[in-house]
Structure formats: C-alpha cells, structure tokens
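*Asks:* First, the structure itself, so that you have it in front of you.
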Amino acid sequence: MDRDDGPARHGLRRLIFWFDTVDHEWAARALTRAVARAGRLLLARPEFGPEHPVAVTVAAAEAYLSHPSERNRLRYFAAATRSYPYGAGEGCYRVEGAADCGPGSGCRTGAGTLERIADVVGADAVRGAVHRR
7 MDRDDGPARH GLRRLIFWFD TVDHEWAARA LTRAVARAGR LLLARPEFGP
57 EHPVAVTVAA AEAYLSHPSE RNRLRYFAAA TRSYPYGAGE GCYRVEGAAD
107 CGPGSGCRTG AGTLERIADV VGADAVRGAV HRR
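Going by our numbering, the first residue of the sequence shown is number 7, and it counts up by one from there.
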C-alpha cells in the first residue's frame, strides 16, 4: 500500500462511508460496479490472475450489472465471499479506525473492500478506477 496517498485515502473513505449509509438498490449496484472496476486493478497484478477468486468475483459482478436479478446478485455475493476481503460479500469490511461495524464503517455493505483493494494497489488507483466513466 502507498501510505503517501493521504488525500486519496481520505476521499476513498468518504466514498466508503457514503456507500455504507445509503440504502438504495442503485447504490448497491454502484458499489458492485466500483468493486468490479477496482477488482480489475488487482487482476492486473502478478499475484492475482485468472485463477484467483477475484477474477470470478469481477465476472459475477459484471453479470449482475448486465442482467440484474436476484439469482445473479446471489452469485455475485457468493463469489465476493470466496474472494474475501476483495469483494463485498460475507465478512467484516470495517475500515481502519472505525469503532464498530455500524453504518459508515464499510462493514454493513461491504464497501470497506475498496480500502482492502487500496491496501494493495493504492487509494489513488482505486479512486481513479471507481470514478472512471
């Protein structure tokens, strides 16, 4: 992780807080899109590859976004759980410094996975991928 990315890390934490406190289906889909985009950054690294569980998570996220259904959402959630902590599935995704897993911690929605990805590729890279059009 690049600890010199303070402003980017702060901005990423604000985004995680937002995802974790908004309770709308469109926000859940936006988080899924963010996880897929950030996940691609992991897949570009040598220690991650086509056989890594993150690859399945990214593919499942894209399938859910292309064809939203409860079945595809559950497939994405299962894949994300298997790639923990790199996907918004089952597990604790609380960001560093959060007192508990309450709203805004990143844990409620799994949005804290973006910080786990930033620990590997840097917060600036994650923010860039998430905000890309």
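Glycine is no exception: its CB is placed at the ideal position from the N, C-alpha and C atoms.
In the structure shown, what three-state DSSP assignment does His58 receive?
*Replies:* DSSP places His58 in coil when its eight states are reduced to three.
*Asks:* Decide if Asp29 is buried, meaning its Cβ has at least 16 other Cβ atoms within 10 Å, or exposed.
*Replies:* So Asp29 ends up on the exposed side.
*Asks:* Is it the case that the region 104-124 contacts the region 10-29, given that we only count it when at least three CB pairs across the two stretches are under 8 angstroms?
*Replies:* Yes, the region 10-29 touches the region 104-124.
*Asks:* Beta-carbon within less than 6 angstroms of Ala129's beta-carbon, same chain only, minus the 5 sequence neighbours each way: which residues are those?
*Replies:* Within the same chain, Ala129 has close Cβ partners Asp11, Ala14, Arg15 and Leu18.
*Asks:* Excluding the 5 residues preceding and the 5 following Cys107 in the sequence, name in chain order all residues of the same chain whose CB lies nearer than 8 angstroms to its CB.
*Replies:* So the list reads Cys98, Arg100, Cys113 and Arg114, once near-sequence residues are dropped.
*Asks:* Can at least three beta-carbon pairs, one atom from the region 84-98 and one from the region 62-70, be found at a separation below 8 angstroms?
*Replies:* Enough Cβ pairs lie closer than 8 angstroms, so yes.
*Asks:* Scan the region 32-98 and note each continuous alpha helix (DSSP H) run of 4 residues or more that stays entirely inside, going in chain order.
*Replies:* As far as the region 32-98 is concerned, its whole alpha helix (DSSP H) runs of at least 4 residues are 59-72 and 76-88.
*Asks:* Could you tell me which of Gly103, Leu47 and Arg39 sits nearest to His73, measuring between CA atoms?
*Replies:* With distances taken between Cα atoms, His73 lies closest to Arg39.
*Asks:* Whole angstroms is fine: what's the gap from Asp26's alpha carbon to Pro52's?
*Replies:* Each residue's alpha carbon lies about 31 angstroms from the other.
*Asks:* Counting C-beta neighbours from all protein chains within 10 Å, is the total for Ala124 16 or more, i.e. buried, or is it exposed?
*Replies:* Buried: at least 16 other Cβ atoms inside 10 Å.
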